[in-house]
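Q: Residue numbers (the working numbering): 233 to 370. Pasting a structure here, questions to come.
Structural data, given as structure tokens:
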């Protein structure tokens, strides 16, 4: 064995642990950011779904009290607005009302989605309420 050759091997490996550690820290940070983005999306989805339920119930109440289709949809929009959502679709069919709401996606998620499809960074939910159609009895 040649003297000093082992030192050369050790010197060649210096700093490898730092590079591996930096890579693992970056991977951990990326995983954390992705987890936060998914958590924000789940929370936003639940909020919009709750707003859609409330808007549909308010619209159905207005319908059952004799409101016109325009009154019904205006009521749904008024209930959805404080939640930061807007009515995308409002359909009145007999004694039922169906609404679809849309709200902006959380900022972190919007940044990830915006590059893939501009305008796609929105959270949507749909709900329906009213009296069921009379069907055959039991």
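We treat Cβ as the ideally placed atom computed from N, Cα and C, and that holds for glycine.
From which residue to which residue does the beta strand (DSSP E) around residue 315 run?
A: It is not in any beta strand (DSSP E) - residue 315 carries neither H nor E in the DSSP assignment.
Q: Using a 10 Å radius around the Cβ and a threshold of 16 neighbouring Cβ atoms, would you call residue 260 buried or exposed?
A: Looking at its Cβ environment, which holds fewer than 16 other Cβ atoms inside 10 Å, residue 260 is exposed.
Q: Which residue from 334, 359, 282 puts its Cα closest to that of residue 317?
A: With distances taken between Cα atoms, residue 317 lies closest to 334.
Q: May I have the straight-line CA-CA distance separating residue 296 from residue 286, to the nearest angstrom?
A: Rounded to the nearest angstrom, the two C-alpha atoms are 15 Å apart.
Q: Would DSSP call residue 277 helix, strand or coil?
A: In this structure, residue 277 counts as helix in the three-state DSSP scheme.
Q: Are the beta-carbon atoms belonging to residue 308 and residue 281 less than 8 Å from one another?
A: No, these two residues do not count as a Cβ contact at 8 Å.
Q: Please name the residue or residues paired with residue 333 in a DSSP beta bridge.
A: BP columns for residue 333 point to 319, 357.
Q: Out of 315, 289, 364, state which residue places its alpha-carbon closest to the alpha-carbon of residue 276.
A: Ranking 315, 289, 364 by Cα distance to residue 276 puts 315 first.
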